[in-house]
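Undergrad:
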Amino acid sequence: MDRDQAIAHWGAAAEAIDWVRAPRTILDDSAAPFYRWYSDGQCNTCHNAVDRHVAAGRGDELALIYDSPVTDTVTYFTYRELRDRVAAFAGGLRELGVGPGDRVVIYMPMVPEAVIGMLACARLGAVHSVVFGGFAASELAFRIDDCQAKVVLSASCGIEHARIIPYKPLLDAAVEACAHKPAHCVVLQREAGPAELIAGRDIDWELVAGTEPAPCAPVAATDPLYLLYTSGTTGSPKGVVRDNGGHMAALYWSMVNIYGIDPGDVFWAASDIGWVVGHSYIVYGPLLRGATTVLFEGKPVGTPDASTYWRLIGRHRVKVLFTAPTAIRAIKQQDPQGEGAAPFDLSSLEYLFLAGERADPNTIVWAEELLEIPVIDHWWQTELGWPAIADFAGEGFFPVRHGSSGKAVPGFDIVVLDEAGEPVPRGEMGALTIRLPLPPGALPTLWNNDAGFREKYLERFPGYYDAGDAGYIDADGYIHIMARTDDVINVAGHRLSTGRMEEVIASHPDVAECAVFGVRDDLKGQVPLGLMILNAGVDRPEAEIADEVVALVRREVGPVAAFRQARVVSRLPKTRSGKILRATLQKIANGEDYKVPGTIDDPATLDEIAPLLRSAEA
1 MDRDQAIAHW GAAAEAIDWV RAPRTILDDS AAPFYRWYSD GQCNTCHNAV DRHVAAGRGD
61 ELALIYDSPV TDTVTYFTYR ELRDRVAAFA GGLRELGVGP GDRVVIYMPM VPEAVIGMLA
121 CARLGAVHSV VFGGFAASEL AFRIDDCQAK VVLSASCGIE HARIIPYKPL LDAAVEACAH
181 KPAHCVVLQR EAGPAELIAG RDIDWELVAG TEPAPCAPVA ATDPLYLLYT SGTTGSPKGV
241 VRDNGGHMAA LYWSMVNIYG IDPGDVFWAA SDIGWVVGHS YIVYGPLLRG ATTVLFEGKP
301 VGTPDASTYW RLIGRHRVKV LFTAPTAIRA IKQQDPQGEG AAPFDLSSLE YLFLAGERAD
361 PNTIVWAEEL LEIPVIDHWW QTELGWPAIA DFAGEGFFPV RHGSSGKAVP GFDIVVLDEA
421 GEPVPRGEMG ALTIRLPLPP GALPTLWNND AGFREKYLER FPGYYDAGDA GYIDADGYIH
481 IMARTDDVIN VAGHRLSTGR MEEVIASHPD VAECAVFGVR DDLKGQVPLG LMILNAGVDR
541 PEAEIADEVV ALVRREVGPV AAFRQARVVS RLPKTRSGKI LRATLQKIAN GEDYKVPGTI
601 DDPATLDEIA PLLRSAEA
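Residues 1 to 618, numbered by UniProt numbering, are exactly what the sequence shown covers, in order.
1) Check the C-beta distance from V320 over to F392 and give it rounded, since I have them as a contact under 8 Å.
2) According to DSSP, is R36 part of a helix, a strand, or is it coil?
3) Tell me, which residues are paired with D243 by DSSP?
4) CB A209 to CB F89, shorter than 7 Å?
5) Might you give, ordered along the chain, the residues of its own chain that have their beta carbon closer than 6 Å to the beta carbon of V424, omitting 5 neighbours on each side?
6) I'd like the span of the alpha helix (DSSP H) that includes H316, first residue to last.
7) Comparing alpha-carbon positions, which option in A562, G290, G125 and L354 lies nearest G578?
8) Answer yes if the segment 95-112 comes into contact with the segment 321-339, meaning at least three C-beta pairs across the two stretches below 8 Å, and no otherwise.
9) Are the segment 508-520 and the segment 531-538 in contact at 8 Å, needing three or more beta carbon pairs?
10) Which parts of the segment 242-285 are runs of the alpha helix (DSSP H), unbroken and 4 residues or longer, counting only runs that do not cross its ends?
11) What separation, rounded to the nearest whole angstrom, lies between the Cα atoms of V491 and L251?
12) When we look at the beta-carbon of N448 and count the other beta-carbons within 10 Å, is it buried (16 or more) or exposed?
13) Is T233 helix, strand or coil by DSSP?
14) Run the CB neighbour count on R582, radius 10 Å, all protein chains shown included, and call it buried at 16 or more, exposed below.
15) Just how far apart, CA to CA, sit G340 and A306?
16) Answer yes or no: do L227 and G239 have a C-beta to C-beta separation smaller than 7 Å?
17) Closest to A56 by CA distance: which of F34, G41 and D18 is it?
18) What does DSSP give as the partner residues of A470 in its beta bridges?
19) Report buried or exposed for Q337, applying the criterion of at least 16 other Cβ atoms within 10 angstroms of its Cβ.
20) State the DSSP-derived secondary structure class of A31, mapped to helix, strand or coil.
21) Does the separation of the CB atoms of E297 and M110 fall below 7 Å?
22) Cα-Cα, which of G133, I165, A589 and Q148 is closest to residue 651?
23) My output table needs one value for H508: the three-state DSSP class, helix, strand or coil.
24) Taking the alpha-carbon of L153 as reference, which of A408, P166, A162 and V131 has the nearest alpha-carbon?
25) Measure the CB-CB distance between Y79 and R52 and report whether it falls below 7 Å.
26) Can you tell me whether residue 658 is buried or exposed? The criterion is at least 16 other CB atoms within 10 Å of its CB, across all chains shown.
27) If you count every other CB in all the chains shown that lies within 10 Å of the CB of L207, and 16 or more means buried, which is it?
28) From F142, L197 and S156, pick the residue whose C-alpha is nearest to that of H180; which is it?
29) Ends of the alpha helix (DSSP H) at residue 625?
30) By Cβ distance below 7 Å, which residues in the same chain neighbour A367 in space, the five residues on each side in sequence not counted?
31) Buried or exposed for G274, please, with buried defined as at least 16 other CB atoms from any protein chain shown within 10 angstroms of its CB.
32) Within a Cβ cutoff of 6 Å, which residues of the same chain sit near E608, ignoring the five residues on either side of it in sequence?
33) How big is the Cα-Cα spacing for S156 and T73?
34) Answer with buried or exposed for L349, where buried requires no fewer than 16 other C-beta atoms within 10 angstroms of its C-beta.
35) Looking only at its chain, what residues have a beta carbon closer than 6 Å to the beta carbon of D601, apart from the 5 residues adjacent to it on each side?
36) How far does the beta strand (DSSP E) with residue 693 in it reach, from first residue to last?
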């Protein structure tokens, strides 16, 4: 859509939001490329997410379901109960000196108090920054320092599978390392692992939660709602800024049109509040729409088994599930025939959405056949805040095309460019970009780092946002994301997508999951190396399967790929959001120095796999 169409579209979308002062300026481009939406509007996100539903007579309807198989707990919160808990906790934060514009770091597990803390900050006009619970102390310290947090909200421990992860020692080490010390740390004591509080700094959560309720504070639509740090592929973490007004308009629109959610529907984003999916689609999106959201403390397998997802869907009558492809692959790996779904009534489930990593067609087909519903792979990023490429459950649904993330979402003008910045013909791979301005909900800049925003996203292709992904648009407008730009490898002068090779490997009936990355080669520059996890119960020789996979890639991609190495592993190193750490694997295989990412789920996976990579005959 052109500029006038975008203004009309987002002006209409803003009408779904309650405004303290409705905006007259829909798009402010006076400081381009730093575009701002609804710049003269005034609002409050907490009011829109909670209070207005109570005021509309829906206070007794379910807002939040907390399901924790690791603690054997299920708790339900109505909109009225959630509002009262949020208002009281906001009052406690206010007594600690937190007000509009102050920053609060949230370092917590997947418990209701974490959601309450986020909403309480929004209620006060404070800016929250959620850090995934259990992140290393150095990662937490960087974020506290960078945003100069006045208060940190934390918990005594987290629970992963059967392990207790003490958070308090990590919090203490982080604060000790900080140049900027937070005034207070509010700590939720959990029965599984209580912690000793430091007098004068630490405060028990319950003491803060039982105070005089605070009202919703009006804020400018362009004021920050939250900061979410992303390190990308290199460098220090960068604070992605999300504003209040544009964020609400975009998320509300997406819940209606992309996900097909109505008030009262049950929506489950099986992610974590430490990631953008948790912000957008565990907390804010469903609540803005007046739906019921599921907060899940567990894993797709192991808590207690590979049928956990199906159990929750049946128990809570989930309409839409949103998860990462790696979660479905993990379930498929342990239960290849999908037998774990049989005991549960999944008739409520209408759509499965996948995002976070490329969904290979084999995984999508497996889920389609098991669930007999549309399985939609859609694409977005932390920076964008909501889907840029999707199919639409709520409006204009078109047939799913395996291997594609769908078509461009209104507001996102997707263009594939070559290295010179020129659009490429349909069907040719290039750099995925978005023509400016980005729509509401996307980052307006980085926290205290306008120069970094320009450098990282805008300088390579002037007039466009550089997504850092490689892909192509086919003749029918379907967009195919093939790899991160860094994952396009150069084999003897041929630019090849590792994503395409992974797609082929994953089609082998014995392969549950795989990763392909380029390693140095004296003759060809780079050659691909593939790692595979096999399905449970496969008892054929690994060498035989590897030979079949090599032949499969040679047939489907071609000899030019020079794919000769396929190795079986028991696990792949991933971030806590499920993304495979391909860049780290590449450095290990190349014998380069590498840093264990703070986002890694289990550092032991690198220890297990490093000897295998170092012995690779590249």
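Just so you know, even glycine gets a beta-carbon here, dropped at the ideal spot from N, CA and C.
TA: In this structure, then:
1) Taking the first residue of the sequence shown as 1, we reach residue 320 at position 320. Taking the first residue of the sequence shown as 1, we reach residue 392 at position 392. Between F392 and V320 the Cβ distance is about 12 Å, and since that is not below 8 Å, they are no contact.
2) One-based indexing of the sequence shown puts residue 36 at position 36. Residue state, collapsed to three classes: strand.
3) Your numbering for residue 243 matches position 243 in the sequence shown. DSSP, once it has assigned bridges, lists P224 as partnering D243.
4) Residue 209 sits at position 209 when you count from the first residue of the sequence shown. Residue 89 sits at position 89 when you count from the first residue of the sequence shown. A contact, by the Cβ cut-off of 7 Å.
5) Numbered from its first residue, the sequence shown carries residue 424 at position 424. So the qualifying residues of the chain are V416, D418 and G430.
6) Here residue 316 corresponds to residue number 316 of the sequence shown, with the count starting at 1. T308 to H316 is the extent of the alpha helix (DSSP H) around H316.
7) Numbered from 1 along the sequence shown, position 578 holds the residue referred to as residue 578. Looking at the Cα atoms, L354 is the closest of the given residues.
8) no
9) yes
10) 245-257
11) Counted from its first residue, the sequence shown places residue 491 at position 491. Counted from its first residue, the sequence shown places residue 251 at position 251. Approximately 41 Å, taken between the alpha carbons.
12) Translated into positions along the sequence shown, residue 448 becomes position 448. Label assigned to N448: exposed.
13) Position 233 of the sequence shown, counting from 1, holds the residue named residue 233. In this predicted model, T233 has a pLDDT of only 43, less than 50, meaning its place in the structure is not dependable; the value taken from the coordinates is given anyway. Three-state result, T233: coil.
14) Position 582 of the sequence shown, counted from the first residue, corresponds to residue 582. Label assigned to R582: buried.
15) The residue you call residue 340 lines up with position 340 of the sequence shown. The residue you call residue 306 lines up with position 306 of the sequence shown. Their Cα atoms are separated by approximately 7 Å.
16) Within the sequence shown, numbered from 1, the residue matching residue 227 stands at position 227. Within the sequence shown, numbered from 1, the residue matching residue 239 stands at position 239. Yes, these two residues count as a Cβ contact at 7 Å.
17) Within the sequence shown, residue 56 is the residue found at index 56, counting from 1. Per the Cα distances, D18.
18) Translated into the one-based positions of the sequence shown, residue 470 becomes position 470. Note: A470 sits in a beta bridge opposite A431 and A483.
19) Indexing the sequence shown from 1 puts residue 337 at position 337. So Q337 counts as exposed.
20) For this step, residue 31 is matched to residue 31 along the sequence shown. A31 falls in the coil class under three-state DSSP.
21) Indexing the sequence shown from 1 puts residue 297 at position 297. Indexing the sequence shown from 1 puts residue 110 at position 110. Yes, these two residues count as a Cβ contact at 7 Å.
22) Look at the range of the chain in this structure, 1 to 618, and you will see that residue 651 is not part of it.
23) Against the sequence shown, residue 508 aligns to sequence position 508. Coil at H508, not helix or strand.
24) Sequence index remark: in the sequence shown, residue 153 carries index 153 (1-based). The shortest Cα separation from L153 among A408, P166, A162 and V131 belongs to V131.
25) The residue given as residue 79 occupies position 79 in the sequence shown. The residue given as residue 52 occupies position 52 in the sequence shown. Cβ atoms of Y79 and R52: not closer than 7 Å.
26) Absent from the model: residue 658. The displayed extent of the chain is 1 to 618, so no value can be given.
27) Looking up residue 207 in the sequence shown gives position 207. Label assigned to L207: exposed.
28) On the sequence shown, residue 180 is found 180 positions in, with the first residue counted as 1. Closest by alpha carbon: F142.
29) Outside the shown range of the chain, which is 1 to 618, sits residue 625, and nothing can be said about it.
30) Walking along the sequence shown from the start, residue 367 turns up at place 367. Answer for A367: I328, L352 and V375, listed in chain order.
31) Walking along the sequence shown from the start, residue 274 turns up at place 274. Buried is the call here.
32) If you number the sequence shown from 1, residue 608 lands on position 608. Excluding sequence neighbours, E608 sits near nothing in its chain.
33) Residue 156 sits at position 156 when you count from the first residue of the sequence shown. Residue 73 sits at position 73 when you count from the first residue of the sequence shown. S156 and T73: Cα-Cα distance of roughly 18 Å.
34) If you number the sequence shown from 1, residue 349 lands on position 349. Counting Cβ neighbours within 10 Å, L349 comes out buried, since at least 16 surround it.
35) Translated into the one-based positions of the sequence shown, residue 601 becomes position 601. Once the five neighbours on either side are set aside, the close Cβ partners of D601 are K574 and R576.
36) The first residue shown for the chain is 1 and the last is 618, placing residue 693 beyond what the model contains.
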